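Chemist:
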Amino acid sequence: MKDQRELRELVRYRKSLVEDRTRELNRLQKMLEGANIKLSGTVSNINGISARNLLDFIIGGGTLTAEKYDELFMAGKISPMLKAPKQQIIDDLNGMLTAIQRRMLKELISHLDELNQHIRNLDDDIDGTMKPDEKEAAKAIQQIPGIGETSSQVIISVIGTNMERFPSGKHIASWAGLCPGNNESAGKRKSGRTRKGNAMLRMTLVNCAHAAVRRKDSFFAAQFARIQVHRGKKRAYVAVAHSMLIAIYAVLKSGDGFRDLGFDYYNQFNRERKIAAYLKKLKALGWEQSAAITPVPV
Numbered sequence: 109m110k111d112q113r114e115l116r117e118l119v120r121y122r123k124s125l126v127e128d129r130t131r132e133l134n135r136l137q138k139m140l141e142g143a144n145i146k147l148s149g150t151v152s153n154i155n156g157i158s159a160r161n162l163l164d165f166i167i168g169g170g171t172l173t174a175e176k177y178d179e180l181f182m183a184g185k186i187s188p189m190l191k192a193p194k195q196q197i198i199d200d201l202n203g204m205l206t207a208i209q210r211r212m213l214k215e216l217i218s219h220l221d222e223l224n225q226h227i228r229n230l231d232d233d234i235d236g237t238m239k240p241d242e243k244e245a246a247k248a249i250q251q252i253p254g255i256g257e258t259s260s261q262v263i264i265s266v267i268g269t270n271m272e273r274f275p276s277g278k279h280i281a282s283w284a285g286l287c288p289g290n291n292e293s294a295g296k297r298k299s300g301r302t303r304k305g306n307a308m309l310r311m312t313l314v315n316c317a318h319a320a321v322r323r324k325d326s327f328f329a330a331q332f333a334r335i336q337v338h339r340g341k342k343r344a345y346v347a348v349a350h351s352m353l354i355a356i357y358a359v360l361k362s363g364d365g366f367r368d369l370g371f372d373y374y375n376q377f378n379r380e381r382k383i384a385a386y387l388k389k390l391k392a393l394g395w396e397q398s399a400a401i402t403p404v405p406v
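My numbering applies: residue 109 is where the sequence shown begins, and numbers increase by one.
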């Protein structure tokens with residue numbers, strides 16, 4: 109559909125601008141480190157308001173002293189939520205900037221301001237382009253851990269809201285390139301490398317998976333912990349992204365909200381066998397069972 113294609117073009121362009129901004133921020137950080145200014149160790153977001161105010165001050169030729177710090181703090185230009193203490197901020201920001209470095213930093217910051225404005229404009233355009241059902245679908249999948257507003261807009265712009273085109277969750281996972289490959293010969297399973305799919309959707313979901321596994325009380329964190337032991341972190345993230353896409357499919361097709369299976373989901377299966385295995389490991393470490401242990405029902 110033309111409307112969805114135009115929404116996808118807006119989302120893709122915003123993604124490219126965000127990547128440009130990331131490159132410029134990395135270039136800014138490298139230039140500051142060359143001048144012995146450790147801004148990243150002082151603020152958590154180098155693109156934030158406090159970081160910008162501090163940069164404007166030192167680029168303007170100022171020297172950050174305790175008195176000047178207090179003055180900026182009282183003026184509200186330095187946030188009280190900075191992760192570094194006052195003395196560390198003063199020490200980290202008093203470097204050696206040359207005239208050329210100051211000029212380059214001004215150009216970098218000016219370019220960052222332009223990129224930030226373009227991204228904000230595109231955010232407004234995307235919000236104005238999305239239809240009511242697309243906004244509702246984007247809001248619905250934000251219930252899934254790891255999926256924020258921007259990611260939900262990307263996902264909806266790619267897969268749409270009508271899930272009838274995909275017979276099952278397996279089909280949409282295959283289309284996105286997030287399912288294991290089927291390479292079997294003579295009854296022996298070979299490489300399970302994922303197939304090529306929609307690059308933007310795959311990348312977005314893998315990024316969402318990185319955020320989702322930080323929720324330690326979620327099923328995705330349990331799945332990641334279970335898979336990374338044997339398959340490694342990269343494959344575990346792809347597996348979590350696959351599960352997230354299946355959850356998105358279910359939410360959009362059924363219209364019901366997301367229900368997290370919980371971190372203890374895998375503990376509900378084969379309890380007796382797991383207890384026996386753990387007892388065996390304890391005995392191997394020298395632990396002796398003094399009395400019979402009765403499993404506590406869950």
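In this text, a Cβ means the ideal position worked out from N, Cα and C, and glycines have one as well. Keep in mind the model is a prediction, meaning the values are calculated, not measured.
If we call anything under 7 Å between Cβ atoms a contact, is Gly370 one with Phe327?
Modeler: Taking 7 Å as the Cβ cut-off, Gly370 and Phe327 qualify as a contacting pair.
Chemist: At what residues does the alpha helix (DSSP H) containing Asn315 begin and finish?
Modeler: Counting along the chain, the alpha helix (DSSP H) containing Asn315 begins and ends at 307–320.
Chemist: Going straight from the alpha carbon of Val348 to that of Leu163, what length do you get?
Modeler: Answer to the nearest angstrom: the Cα atoms are 39 Å apart.
Chemist: On the DSSP letters alone, give me the boundaries of the alpha helix (DSSP H) that Ser326 sits inside.
Modeler: Per DSSP, Ser326 belongs to no alpha helix (DSSP H) and is neither H nor E.
Chemist: Please state whether the Cβ-Cβ distance between Leu147 and Ile227 is less than 7 Å.
Modeler: Against a cut-off of 7 Å, the Cβ pair of Ile227 and Leu147 comes out as no contact.
Chemist: Count Cβ pairs between the stretch 311–326 and the stretch 349–362 that sit closer than 8 Å; are there 3 or more?
Modeler: Cβ pair count under 8 Å is three or more, so yes.
Chemist: Starting from the C-beta of Leu230, find all residues in its chain whose C-beta is less than 8 Å away, skip the five residues before and the five after it, and write them out in chain order.
Modeler: Counting only Cβ-Cβ distances below 8 Å, and skipping sequence neighbours, we find Leu118, Tyr121, Arg122, Leu125.
Chemist: So Glu175 is in the alpha helix (DSSP H); what residue range does that whole segment cover?
Modeler: Element bounds for Glu175: 174–182.
Chemist: Do Asn306 and Val266 have their C-beta atoms closer together than 7 Å?
Modeler: Yes, Cβ-Cβ distance for Asn306 and Val266 is below 7 Å.
Chemist: Applying the criterion that 16 or more other CB atoms from any shown protein chain within 10 Å of the CB defines a buried residue, is Leu205 buried or exposed?
Modeler: It is buried - the Cβ of Leu205 has at least 16 other Cβ atoms within 10 Å.
Chemist: Cα-Cα, which of Asn202, Ser158, Arg310 is closest to Lys191?
Modeler: For Lys191, the nearest C-alpha among the options comes from Ser158.
Chemist: What's the call for Val406, buried or exposed, on a 16-neighbour Cβ count within 10 Å?
Modeler: Confidence is the limiting factor: at Val406 the pLDDT is only 48, short of 50, which leaves the residue's position unreliable, though a coordinate-based value still follows. Its Cβ having fewer than 16 others within 10 Å, Val406 is exposed.
Chemist: Would you kindly work out how many angstroms separate the C-alpha atoms of Asp233 and Lys239, rounded to a whole number?
Modeler: Roughly 12 Å between the two C-alpha positions.
Chemist: Determine the closest residue to Ala320 out of Asp221, Pro253, Tyr357, with distance taken between C-alpha atoms.
Modeler: Measuring from the Cα of Ala320, the nearest candidate turns out to be Pro253.
Chemist: For Asp325, which residues from the same chain have a beta carbon less than 6 Å from its beta carbon, with the 5 sequence-adjacent residues on both sides left out?
Modeler: Only Phe371 meet the Cβ criterion.
Chemist: Just curious, the alpha helix (DSSP H) that Leu223 is in, first and last residue?
Modeler: Unbroken alpha helix (DSSP H) run through Leu223: 207–237.
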